[in-house]
Structure formats: C-alpha cells, structure tokens
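For reference, the structure discussed in these notes is given below.
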Amino acid sequence: MTEIMTKKLIKNDRQLKFLKRAEALVPGFQKRRSMYDKKAEFPFENMKELITSGLAAVTVPEMFGGEEASLYEFLLVQETLAQGDAATALSIGWHNGTIMQLRDTQKWQKNDFEKICRETVENGILINSAATEKATGSPARGGVPETSAVLRDGAWEIKGHKTFTSLAPALDYFIITAYIEEEGRTGEFLIPRDISGVSLEETWDVLGMRATRSDDLILDNVQLEKEALKSVKEPGHGKSPQGWLLHIPACYLGIAIAARDEAVEFAKNYQPNSLNHPISEVPEVRRKTAEMDLELMKARHFMYHIAETWDHYPSLRAEMGAELASVKTVCTNAAIKVVDLSMRIAGGHSLHRNSSFEQHYRDVRAGLHNPPSDDITMMILANQAFNARI
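So the sequence shown is numbered by this note's numbering: it starts at 1030 and just counts up by one.
Structure, rendered in structure tokens:
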C-alpha cells in the first residue's frame, strides 16, 4: 500500500483502528479476487469476513450497537477494502452507505431504523436500495419509477422490475421506490427478501465489477403490510447533498492505489536483458510513477478534505452538493488515469488475463457510470457559476 501517503491522512487512533481492521482483510480479498471476477460470482466469503469483523456495521449509530463511523472513517475503510477487491468494497459500501443515509436524514421512524440497525449488528443482515429501472435510468436523473404501489384492503401491492441491484444475492432487505398513483407521489418501501413475489433475474454479465452481482429485482404482485411504506418523496426530497455517496470515489481510488503499488513492485523487479538494472531506474518509468502519485495525492486530499468538512461542519452540508459531485468526478477520472499509467509501466505484461492490471482496468471503468455521472457534475458547476447570487 502507499503507506507514506496514507499515513498523512490518519489523524487519530480511532481512524488508525478502522484502517488496520480493513487492512487485515485485504490479503484474503486479493487471493480470491480473480476467482470471483472470472466466474462473476458474488463474494460470499468476503462478505462473511466483513460481517465477522464488524465492518458491515460501522455506520450503525452507537445507541443501536454500532460504531457510528464518520464519513471520513467510512471512506478510509472503503478505500482500503477496494485495494483487496473492488467489487466487495463497492458492495459493502452500498450497505453501509444506506445505513449512513438513513442515520443522517432521519427520514424513517426511529423504531423502524432501530430494528434494521440492531439486525445489522446482531444478525449481520445486509440492506440496499433498488431504485434504478430500464425506462427511467438512474434515479439521479429524476425519472418517475414505473414500479407501482397500490393500497388495497389495508395492504400494499407492489409490481415492478428494478435493475442494477448491487449485492442482490446476499441482501436480506430491499428498499425499493414505487409510484403511488392515487397520491401522485413516490414512496420508499422496505421489502424482506423471503416474501412471496420477490425474485432475481441473473442479468449481470458485464465488463467490470462482475462480482457485485447487480442483478435485476423482479416484484410480482408483492403483498406488503401498510407499515412497509417507510418514507415518501416530497418535492425536493432526495435532492439534498448526500455525503455517503463518496464511498463510490473512495472505492475507485482503492483500485488505483492497488494498481500503482503493483506497478511500482513490477518496476523494481523487472529487468529485461537489454538493461543492467531494473526498469525502476528508467527515467520515463520514474516520471510515470511520479505522475501516478501526483494524481492520487490531489484526488485523495480533495476527497478527505471534503469528508472532513462534512463531518465537522453540519451547517454547511446543504451547500456542499457541488463539492461532493466534484469529488466523484475528480477521483474517478484520476483513478482511471492512474490505472492507465500503471499499465504503461508494466507494458504488455498488463494485458494478460491472469494479470491483476487487466482486472483493475475493467473495474475502474465502472466508476464513470456510478452517480453522479460527469455530465451531471458539470451541469451542477455551470449552474452554480451562472446562477450565483452575490
């Protein structure tokens, strides 16, 4: 790991403990990474280790038995886990991030949130949102879900088809969005995995992040008690800045760090017979290495600074949408550049299917399609510039 750069980001013993716990899982994740990727299988063994270590409950409030990790601490864990296996890190990030969102927004009734939190701590349950649909695309685009919710005889009937349901094979609960036509509003419903009418369609055959198993969720006349409706999206609901989404760029920076470290090790040990020294002594290799470190330094300090601001200045959160979106764009594109440079250092060796560089290349590309996309970030920044009031 890039220990020198990371050391400068650790500011207290609590952060160091989170880091060390995540680091302890990295070797096992690395060992299994290629297997899960090639088979496109969900990393159940990795997830079991996360639950056993307590890292699948880090964002649960202390009052409900968790550690109430700050955003900064959450990102340290995410970035580190991704150095072992990016698909595992992104998957657990959605779970822990969902809990952090519910913790910060307090949009659920307290007893409902407490129940989920205590199940997370005591039983190791996993939860994630399922909001994306083929017709509407990402919910960040503002489309109304085609999944419907109808109240009949005191019970909800849910029909719909969700895509990009990360952690699908391992989830115990789904938070789904559905349009309540009678009310003209979108509701968020909590659906247990084992209820009748819930099934998965194995559609996840993709280039990168293959082990997230972000399959389709099918809701066929699912019958829910009235209390399953946990919140309703009022005008403007869900448009406030969401700090927890920084788990996405943290994950992709983790991929970049892994690729950087592997390129440095390759350069120190590879010596073609045309040279009397390893390629680490070649000026161009050293320049590319410096360029990787510069990209990582800029992106990581930006991300962690914004996370620290989010944690310590809650009054500023409502105005941090542009910064949060910018972190995602800057970090994801920096990660892509670092992986590209690492492969240029390793040369043709990086193209082999048994090379970790090849998987890093595929996995890091997925970051471009996680929310918010670059065009949304640019729109936010442009609107801020031209609509600013002095």
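Quick reminder that beta carbons are idealized off the backbone N, C-alpha and C, glycines included.
Selection 1278, 1291, 1298 and 1163 evaluated against residue 1245 yields 1163 as nearest (Cα-Cα). Using a Cβ distance threshold of 8 Å, residue 1173 and residue 1208 count as a contacting pair.
Here the stretch 1362-1369 lies against the stretch 1282-1295, with 3 or more beta-carbon pairs under 8 Å apart.
Rounded to whole angstroms, the separation of the alpha carbons of residue 1186 and residue 1333 is 43 Å. In summary, residue 1388 is buried, with 16 or more beta-carbon neighbours lying within 10 Å of its beta-carbon over all protein chains present.
Within its own chain, the residues whose Cβ lies closer than 7 Å to the Cβ of residue 1324, once the five positions on either side in sequence are excluded, are 1363, 1366 and 1367, listed in chain order.
Using a Cβ-Cβ distance cut-off of 8 Å, the stretch 1188-1206 and the stretch 1247-1259 are in contact, since at least three pairs of beta carbons, one from each stretch, lie closer than that value. In the structure shown, residue 1270 falls within a coil segment according to DSSP collapsed to helix, strand and coil. Distance from residue 1074 to residue 1061 at the Cβ level is roughly 6 Å; contact confirmed, criterion being Cβ atoms closer than 8 Å.
If you look at residue 1208, you'll find it in the beta strand (DSSP E) that goes 1202-1209. The stretch 1105-1118 and the stretch 1047-1055 touch, with three or more beta-carbon pairs separated by less than 8 Å. DSSP, reduced to helix, strand and coil, places residue 1236 outside both helices and strands of the structure shown, so it counts as coil. Taken atom to atom, the span from the alpha-carbon of residue 1217 to that of residue 1259 is near 6 Å.
Contact holds between the stretch 1343-1363 and the stretch 1399-1409, because three or more Cβ pairs, one in each stretch, are under 8 Å apart.
Around the CB of residue 1065, 16 or more other CB atoms lie within 10 Å, so the residue is classed as buried.
Between the alpha carbons of residue 1128 and residue 1296 lies a distance of about 42 Å. Residue 1093 and residue 1152 have their alpha carbons spaced roughly 13 Å apart. One Cα belongs to residue 1231, the other to residue 1210, and the distance between them is close to 29 Å. Sequence-distant Cβ neighbours of residue 1399 in its own chain, meaning closer than 6 Å and more than five residues away, are 1277.
One alpha carbon belongs to residue 1298, the other to residue 1390, and they sit about 22 Å apart. Residue 1272 is positioned such that its CB atom lies no closer than 8 Å to that of residue 1373. Per DSSP, reduced to three states, the secondary structure at residue 1097 is coil, with no helix or strand assignment. When DSSP states are grouped into helix, strand and coil, residue 1157 belongs to the strand group.
Each residue's CA atom was taken as its position, placing residue 1175 and residue 1197 some 20 Å apart. Here residue 1178 is buried: its Cβ has 16 or more other Cβ atoms, across all protein chains shown, within 10 Å. Taking each of 1071, 1154, 1038 and 1126 in turn and checking the Cα distance to residue 1081, the smallest one comes out for 1154. With a 10 Å radius around the Cβ and a threshold of 16 neighbouring Cβ atoms, residue 1200 comes out buried.
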